[in-house]
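Residue numbers (our numbering), protein chains in the order written: chain A, 1 to 298; chain R, 299 to 458.
All C-beta atoms in this analysis are idealised placements derived from N, C-alpha and C, irrespective of residue type, glycine included.
Note sheet for the following structure.
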Amino acid sequence: MLDINCQYKSVEVSGKKEINMKFYKPKSLLELFETSEKIEGKKYFLAGGTDINVQIKNGMIKDEPIIFLNHLTELKNILQSDNHIIIGALTSFSEILESELLKNKLPFFQNSLKNFASPLIQTTATIGGNIANGSPTADIVPLLLILDAKLKLFSKSKLREVPISEFYLGYKKFILKRNEIIGAVLIPENAETGYETFYKKIGSRKALYIAKLAIAGLKKISNNKIEEIKLAVGSLNEYPRRLFKVEEYLKNKLVNEIDFADVEHFLQKEITPITDLRSDKEYRYRVCINLIRTFLNQ
Amino acid sequence: MNINFTLNKKSVTIDVDPMKRLLDILREDFRLLGTKESCGEGECGACTVLLDGKPVTSCLVNAVHIDGKEVMTSEGIAKEPIGKLLIDCFDETNAVQCGFCFPGFLVTSYHYVKTDGEKNLNKIKKALSGNICRCTGYQKIFESVMLACERKPLMNANER
C-alpha cells in the first residue's frame with residue numbers, strides 16, 4: 001500500500017498556508033477497509049473531488065486523513081444483473097449520461113441528469129460522491145428516491161442493501177457504519193416503465209446552478225384517478241426526501257377533487273424547509289406546492 | 299508521491315503532493331500559464347484542460363487523479379490544427395476582449411469541434427455552459443465556434 005505522509009500546500013486567497021495531511025492509496029477494496037480500520041478519528045474518502053476540493057479551499061477540511069478511491073475501477077461500472085441496473089459508486093456523471101444501457105432502460109433518469117452542474121464537472125463528479133457528500137441539494141437523490149433505488153453498502157466483512165429513502169438521518173448524517181462505504185446504486189430495471197414522469201430543477205441561471213428546489217415525480221392516472229404516485233424533493237429539507245405522507249394522501253383521489261390546502265398540511269408534517277443563501281423557506285414551500293399541482297394537472 | 303502522465307503529448311514525471319491541484323501543477327511546476335485560476339471552485343471554467351480527452355476544471359482535479367493519464371492544456375491545443383482554426387475564428391469574430399476566460403473557452407470549444415462539430419447553436423451553448431465570460435459576452439463566442447464548425451469539413455481529413 002502506498003502510504004504517503006507529506007506536506008500539502010493549501011492555497012488560500014490571502015496567501016499560502018502549509019498543512020500536514022496524511023494520504024492513503026489502497027490497492028484493492030480489501031486493503032481499503034484494512035486501512036480505514038486503522039485510522040482513528042475523522043477521515044475523508046476522495047472520489048471525484050469536485051466537492052472535497054471546494055471544502056479544502058474554504059477551510060472546512062483541515063488536516064484529516066484522506067483515502068483515495070477513484071483508482072478502484074471495480075466500483076466504476078454500469079451493468080445489469082437480474083432485474084436491476086447496478087451503477088458503481090465511482091461512476092462519473094458523464095459515464096451515466098453516455099450509457100447505452102441507461103438510455104434503453106431508464107431514459108427519464110438519464111435525461112433528468114443533463115442539467116447536473118456543467119459538462120466540465122460531469123466528467124469527474126461521481127454518483128457515490130453526490131450521495132455521500134450529503135448536500136440537501138444533491139441532484140441525483142430525488143430521482144433515486146422515486147425510482148425506489150437501493151444502496152449497496154460495503155464493509156470488510158459484510159455487504160448490505162439499504163433503500164435510499166432510509167440512508168439519510170439528518171444534515172450530512174447517514175445510516176453508514178464506521179468503515180462502511182457506498183459500493184453501488186441499484187435501480188429496478190422497470191422502475192420508470194409505465195409511469196408519467198416529472199423532474200424540475202429550479203435555479204437562478206440556465207446552466208451550472210445549484211437548485212433552490214428540485215422535485216421528481218412518477219404517476220399513473222386513469223379516468224382522472226391517481227392510481228400510483230411517487231414524489232421526492234431536494235433542497236427543501238435538510239436532506240433529499242421522499243414525500244410518503246403526501247403520496248398516501250393523494251393516492252386513489254380524483255385529480256380535480258384534490259384540496260391543495262390538505263397537500264400543504266401533509267407536506268408540513270414531513271418537511272422542515274431550510275433557508276440558506278440561495279433561497280428562503282417560504283419561497284421553497286410555495287414553489288414545491290405549485291410544482292406538485294403542475295405535475296398532477298399536466 | 300511520484301506521478302507519471304502525458305502533458306501536451308510528452309511523457310513527464312514529477313514528485314508532487316498527491317492533493318496538489320492540477321491547476322497549480324501546470325502553473326507552478328511546468329510554468330504553463332495559459333491555464334487560469336478564477337473562482338477555484340469549478341464554476342467559471344477558466345482553468346479548463348483536457349483530461350484523457352475530456353474537458354475538466356483543473357482546480358478540482360488532484361495530482362493523484364492524473365497519474366497515468368493524458369493532460370492537454372490550451373498551449374497544446376494551440377498547436378493542433380483544430381486549435382489553430384478556433385483561434386482564427388475567435389480572432390475574426392472579435393470574441394476575445396480581456397482574454398482571461400479565453401484559454402478555457404478554447405479547450406472546451408476544441409473538445410466540441412473535435413468530437414461533435416455540428417453547427418448547432420443549442421448544442422454549442424450546452425457544451426460551453428461550464429465556461430463563464432464577464433466582458434465580451436457570449437454571442438461572439440458562439441459565433442466563432444459556429445464558424446469553426448462550418449470550416450472544419452474544409453480541412454484535410456487527417457487534421458480534423
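In the three-state reduction of the DSSP assignment, GLY234/A falls in the strand class. Contact between the segment 105-119 of chain A and the segment 58-66 of chain A is not established, with fewer than three Cβ pairs separated by less than 8 Å. In this model, LYS200/A and ILE215/A are separated by some 5 Å (Cα to Cα). Interface flag for MET444/R against chain A is unset, since no Cβ pair is found closer than 8 Å. PRO107/A carries a helical assignment under DSSP once its states are collapsed to helix, strand and coil. In the structure shown, ALA207/A falls within a coil segment according to DSSP collapsed to helix, strand and coil. ALA393/R is positioned such that its CB atom lies no closer than 8 Å to that of THR406/R.
With 16 or more other CB atoms across the displayed protein chains lying within 10 angstroms of its CB, HIS363/R is buried.
Sequence-ordered contacts of the segment 102-134 of chain A with chain R read SER118, PRO119, LEU120, ILE121, THR123, THR124 [C-beta pairs closer than 7 Å]. Per the DSSP secondary-structure output, TYR168/A pairs in a beta bridge with PHE174/A.
Chain-ordered, the chain R residues with CB closer than 7 Å to the CB of LYS25/A read VAL362.
Of the other Cβ atoms in all chains shown, fewer than 16 fall within 10 Å of the Cβ of GLN55/A; this residue is therefore exposed. Sorting VAL411/R, PRO451/R, LEU452/R by C-alpha distance to the C-alpha of PHE440/R places VAL411/R at the top. Taken in chain order, the members of the segment 330-352 of chain R whose beta-carbon sits within less than 8 Å of a beta-carbon on chain A are GLY338, GLU339, GLY340, GLU341, GLY343, THR346, LEU349, LYS352. For MET453/R, not one C-beta of chain A is nearer than 8 Å to its own C-beta.
Between THR371/R and GLY343/R the beta-carbon gap is near 14 Å, outside 8 Å, which marks them as no contact.
Where SER407/R is concerned, the enclosing alpha helix (DSSP H) starts and stops at 400-413.
ILE127/A and ASP276/A have their C-alpha atoms spaced approximately 24 Å apart. Contact check for LEU186/A against HIS84/A passes: the beta carbons are separated by less than 8 Å.
In the DSSP assignment, HIS363/R falls outside any alpha helix (DSSP H) and carries neither an H nor an E. Sixteen is the threshold: when 16 or more other Cβ atoms of the shown chains lie within 10 Å of the Cβ of PHE295/A, as they do, the residue is buried. Excluding residues up to 5 positions away in sequence, ASN224 lie with their Cβ nearer than 8 Å to the Cβ of ASN256/A in the same chain. ARG241/A sits in a strand when the DSSP states are folded into three classes.
Under the Cβ distance rule, THR355/R counts among the residues neighbouring chain A, one pair being separated by less than 8 Å. If you keep only unbroken alpha helix (DSSP H) runs of at least 4 residues inside the segment 92-158 of chain A, you get 93-98, 100-105, 107-112, 119-122, 127-132, 140-146. With fewer than three CB-CB distances shorter than 8 Å, the segment 429-440 of chain R does not count as touching the segment 365-382 of chain R. Ranked by how close their Cα comes to the Cα of ILE164/A, the residues ASN70/A, LYS158/A, SER157/A, GLY183/A have GLY183/A in first place. For MET370/R, there are no neighbours in chain A by C-beta distance under 8 Å, as the nearest C-beta there is about 13 Å away. As computed with DSSP, THR311/R is found in a beta bridge with ASN302/R. A distance below 8 Å between beta-carbons, with the five flanking residues on each side excluded, links VAL310/R to the following residues of its chain, in chain order: ASN302, PHE303, THR304, PHE328. Counting C-beta atoms within 10 angstroms of its own C-beta, GLN122/A has 16 or more neighbours from the protein chains shown and is therefore classed as buried. Within the segment 393-406 of chain R, those residues whose Cβ lies closer than 8 Å to any Cβ of chain A are, in chain order, THR406. A Cβ-Cβ separation of about 12 Å leaves LYS42/A out of contact with ILE67/A under the 8 Å criterion.
One finds MET317, ARG319, GLY338, GLU339, GLY340, CYS357, LEU358, VAL359, ASN360 in chain R with Cβ atoms closer than 9 Å to the Cβ of ASN53/A, taken in chain order. By the beta-carbon neighbour count (other beta carbons within 10 angstroms, threshold 16), ASN58/A is exposed. Per DSSP, GLU368/R is one residue of the beta strand (DSSP E) stretching across 368-370.
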